[in-house]
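So the sequence lines, in the order shown, correspond to chains A and B. Each step along the first sequence adds one to the number in my numbering, with nothing skipped, and position 9 is 9. Each step along the second sequence adds one to the number in my numbering, with nothing skipped, and position 45 is 1045. For glycine and all other residues, C-beta sits at the position ideal for the given N, C-alpha and C. Because the structure is a prediction, the values reported are computed rather than measured.
There are 2 protein chains.
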Amino acid sequence: MNSSRCAACKHLRRRCPSDCIFAPYFPSNNPRRFAYVHKIYGASNVGKILQDLPVSCRAQAADTLCYEAYCRIKDPVYGCAGMVSVLHQQLNVAECQLATVKAEVAAIRNDSAALTVPTWFD
Amino acid sequence: MNSSRCAACKHLRRRCPSDCIFAPYFPSNNPRRFAYVHKIYGASNVGKILQDLPVSCRAQAADTLCYEAYCRIKDPVYGCAGMVSVLHQQLNVAECQLATVKAEVAAIRNDSAALTVPTWFD
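So this is what it looks like as structure tokens:
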């Protein structure tokens, strides 16, 4: 069964059982995907997280674990939390700009209401 | 030295060495902080991540690891990546609203320019 081992079992140099918890989410053609989660969480912790979830949620959990592990490898200090912080700042900037432009619209409308030709001109 | 063990060494039931990699970032008065990272990453992986960083970056790394571990415990499927996804959506919404309101301002300005009393009326 050597040729059909998943990326996790290849990485861990073990036989890939038919009910391998990793096999559906860590295919052999993408070894880096498992290498990332292995480096940050360890195989045992990833296996435990997946095992504790319903089968229908495991693919999504494997994807998000890979994403977070990749972020931590790229940025060992801030990891994925750094991205949360950057997005919070960008959201604050966008919301402040929105409030400013909305206030501008309201001011323009007030001005144009004041300049409207009175009805007794009709 | 039992009373001065850090939260990690207490959790791992071991002596806390004077150069403990965990002690500065996992004080004994906050045992949950270490419990979170231990559950998700394992003590050895957290120790390795901290050890590979300059001392000046370790507190921030410990904080972000705790944050991500807490997110994963609260949301085992999406973890911190779920927060990134939500913030991306909120940012998109805010930026779309901003573009709409800016277009509204431009349209109002165009209308009012068209209605401006010509200079030869002065």
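Counting contacts by CB-CB distance shorter than 8 Å, is Q97 of chain A in contact with chain B?
Counting from one through the first sequence, the residue named residue 97 of chain A turns up at place 97. Closer than 8 Å to some Cβ of chain B, the Cβ of Q97 of chain A qualifies, so yes.
Could you give the first and the last residue of the continuous alpha helix (DSSP H) run that contains F1026 of chain B?
For the purposes of this step, residue 1026 of chain B is identified with residue 26 of the second sequence, where counting begins at 1. Looking at the DSSP string, F1026 of chain B is not in any alpha helix (DSSP H), and its letter there is neither H nor E.
Let me see if you follow: with CB-CB separation under 8 Å, is I108 of chain A close to chain B or not?
By one-based count along the first sequence, residue 108 of chain A stands at place 108. Yes, I108 of chain A counts as interfacial toward chain B.
Does any residue of chain E bring its CB to less than 8 Å from the CB of N30 of chain A?
In the structure shown, chain E cannot be found, because the protein chains are A and B.
With a 10 Å radius around its C-beta and 16 neighbouring C-beta atoms as the bar for buried, classify V37 of chain A as buried or exposed.
As a working mapping, residue 37 of chain A is identified with position 37 in the first sequence. It is buried - the Cβ of V37 of chain A has at least 16 other Cβ atoms within 10 Å.
For a contact defined as C-beta to C-beta under 7 Å, what are the partners of L87 of chain A on chain B?
As a working note, residue 87 of chain A is residue 87 in the first sequence. Ordered by position in chain B, the residues that pass the 7 Å Cβ test against L87 of chain A are V1084, L1087, H1088 and L1091.
Short check: CB of R1015 of chain B to CB of C1006 of chain B, under 8 Å?
For the purposes of this step, residue 1015 of chain B is identified with residue 15 of the second sequence, where counting begins at 1. For the purposes of this step, residue 1006 of chain B is identified with residue 6 of the second sequence, where counting begins at 1. In this structure, C1006 of chain B does not lie closer than 8 Å to R1015 of chain B by Cβ.
In its own chain, which residues sit with a C-beta less than 6 Å from the C-beta of E68 of chain A, not counting the 5 before and 5 after it?
As a working note, residue 68 of chain A is residue 68 in the first sequence. So the qualifying residues of the chain are C80.
Cα-Cα separation between I40 of chain A and D63 of chain A, rounded to whole angstroms:
What you label residue 40 of chain A is simply residue 40 of the first sequence in a count that begins at 1. What you label residue 63 of chain A is simply residue 63 of the first sequence in a count that begins at 1. For I40 of chain A and D63 of chain A, the distance between alpha carbons rounds to 14 Å.
Specify, as a first and last residue, the run of the alpha helix (DSSP H) that R1058 of chain B falls within.
Mapped onto the second sequence, residue 1058 of chain B falls at position 58. Per DSSP, R1058 of chain B belongs to the alpha helix (DSSP H) from V1055 to K1074.
If distances are taken between C-alpha atoms only, which option among A:L65, A:P76 and A:K74 comes closest to C1071 of chain B?
Locating residue 1071 of chain B in the second sequence gives position 71, counting from the first residue. Nearest C-alpha to C1071 of chain B: A:L65.
Quick check on Q1051 of chain B - is its C-beta less than 8 Å from some C-beta in chain A?
Counting from 1 along the second sequence, the entry for residue 1051 of chain B is found at position 51. False, the Cβ-Cβ gap to chain A never drops below 8 Å.
Ordered along the chain, which non-local residues of its own chain (more than five positions away) have a Cβ less than 7 Å from that of Q51 of chain A?
Here residue 51 of chain A refers to the residue found at position 51 when the first sequence is read from its first residue. Hits under 7 Å: I21.
Cβ closer than 7 Å: which chain B residues qualify as neighbours of K102 of chain A?
Along the first sequence, read from residue 1 onward, the residue named residue 102 of chain A stands at position 102. Result: V1101.
Among the residues of its own chain, which have a CB less than 7 Å from the CB of I1043 of chain B, if the five just before and after it don't count?
To locate residue 1043 of chain B, count along the second sequence from 1; it is residue 43. Note on identity: in this sequence residue 1043 of chain B is Ala, with Ile being the wrong assignment. Cβ within range, chain order: A1008 and L1012.
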